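Plus 2 on top of the position in the sequence shown (first one is 1) and you've got full-length UniProt numbering. Quick notes on the structure that follows.
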Amino acid sequence: NSKGIIFDLDGVIVDTAKFHYLAWRKMANDLGFDITLEQNEQLKGVSRVHSLQQILSWGNKTVSETEFERLMTSKNEDYLSRIAHMDEADLLPGVKKVLDYLTENNIPFALGSASKNARPILKGLGIEERFTAIVDGNDVTKAKPDPEVFLIAAEELGLPPKDCIVFEDSVAGVEAANIAGMLSIGIGDKDILKEADYNFADFTQIDIDFIEKILRK
Ligand code: G16
Ligand code: MG
Numbered sequence: 003n004s005k006g007i008i009f010d011l012d013g014v015i016v017d018t019a020k021f022h023y024l025a026w027r028k029m030a031n032d033l034g035f036d037i038t039l040e041q042n043e044q045l046k047g048v049s050r051v052h053s054l055q056q057i058l059s060w061g062n063k064t065v066s067e068t069e070f071e072r073l074m075t076s077k078n079e080d081y082l083s084r085i086a087h088m089d090e091a092d093l094l095p096g097v098k099k100v101l102d103y104l105t106e107n108n109i110p111f112a113l114g115s116a117s118k119n120a121r122p123i124l125k126g127l128g129i130e131e132r133f134t135a136i137v138d139g140n141d142v143t144k145a146k147p148d149p150e151v152f153l154i155a156a157e158e159l160g161l162p163p164k165d166c167i168v169f170e171d172s173v174a175g176v177e178a179a180n181i182a183g184m185l186s187i188g189i190g191d192k193d194i195l196k197e198a199d200y201n202f203a204d205f206t207q208i209d210i211d212f213i214e215k216i217l218r219k
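So, in structure tokens, the structure goes:
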């Protein structure tokens, strides 16, 4: 009776969410409007294309296809420059302890992220080789809350969805995990992630006893 774990990236393993926000905000400011932290919540876990569509609608802007592409490229370049110096120290508190436990006990784990920058980020964090599978924004056609990213990850882990446990910080991601029939663990505000099976503020609140419990379930 083996189980596996699927981790979201941004907001779970590493706090890149703030850099996405800063880069999108700079782009919006250049276009003459602003985006709030509350609006940013709705962008978490959402693909780059959908994020830009959403932001432009908040700013009541319509742009040509060429301009849309240009905005995506320049936002991504800005974002990449902000995360360029990431290393192991950027793992969110408490994450390393859980990854070490899983590695030592041969429990397979995968990444299930909407980001197209996931691999270089994992490499920077020094943990890329420890994942059995990495499924990211380059591998999917349907964005969260569609369960595609997690279903592919389960397949690559060689496990049925019901034996997968998902750690997620976004509303869209928790919904995707639930639709996939996986156990969902919300990382962040429990009032926002109220659809999750379990809630924790962050990984410092998760101990190994809990991990063992959900792996036995
Ligand atoms: C992440 C972030 C989103 C971001 C998306 C695409 O997803 O939460 O805010 O828009 O990836 O990222 P990129 O522009 O790097 O392709 P996740 O699923 O890792 O939380
Ligand atoms: Mg996330």
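A virtual CB, placed ideally from N, CA and C, is assigned to each residue, including glycine. The structure displayed is predicted, hence computed values, not measured ones.
According to the DSSP assignment, isoleucine 187 belongs to the beta strand (DSSP E) that extends over 185–189. Counting C-beta pairs with one atom in each stretch, the region 195–204 and the region 32–46 have fewer than three that are closer than 8 Å, which means they do not touch. Taking the Cβ of aspartate 92 as the reference point, every heavy atom of ligand 2 lies at 6 Å or farther away.
In the structure shown, valine 173 falls within a helical segment according to DSSP collapsed to helix, strand and coil. For asparagine 42, the uninterrupted alpha helix (DSSP H) run begins and ends at 39–43, by DSSP.
Of all residues, those with a beta-carbon under 5 Å from at least one heavy atom of ligand 2 are Asp10, Asp12, Gly13, Gly47, Asp171, Ser172, reported in chain order.
For arginine 50, the distance from the CB to the nearest heavy atom of ligand 1 is below 6 Å. Shown here, alanine 145 sits in coil according to DSSP, grouped into three states, outside any helix or strand.
When DSSP reads this structure, valine 168 sits in a beta bridge with Ile8, Ser186. Rounded to the nearest whole angstrom, the C-alpha separation of leucine 45 and glycine 160 is 31 Å.
A residue is called buried when at least 16 other Cβ atoms come within 10 angstroms of its Cβ; proline 162 does not meet this threshold and is exposed.
For isoleucine 136, DSSP records a beta bridge to Leu113. As DSSP reads the structure, tyrosine 200 sits in a beta bridge with Ile187.
For alanine 156, the CB stays at least 6 Å from every heavy atom of ligand 1. Within the same chain, Tyr103 come within 7 Å of isoleucine 210 by CB-CB distance, once the 5 residues on both sides are set aside.
From the listed residues Lys146, Lys63, Gly139, Arg50, the smallest Cα separation to alanine 178 is found for Lys146.
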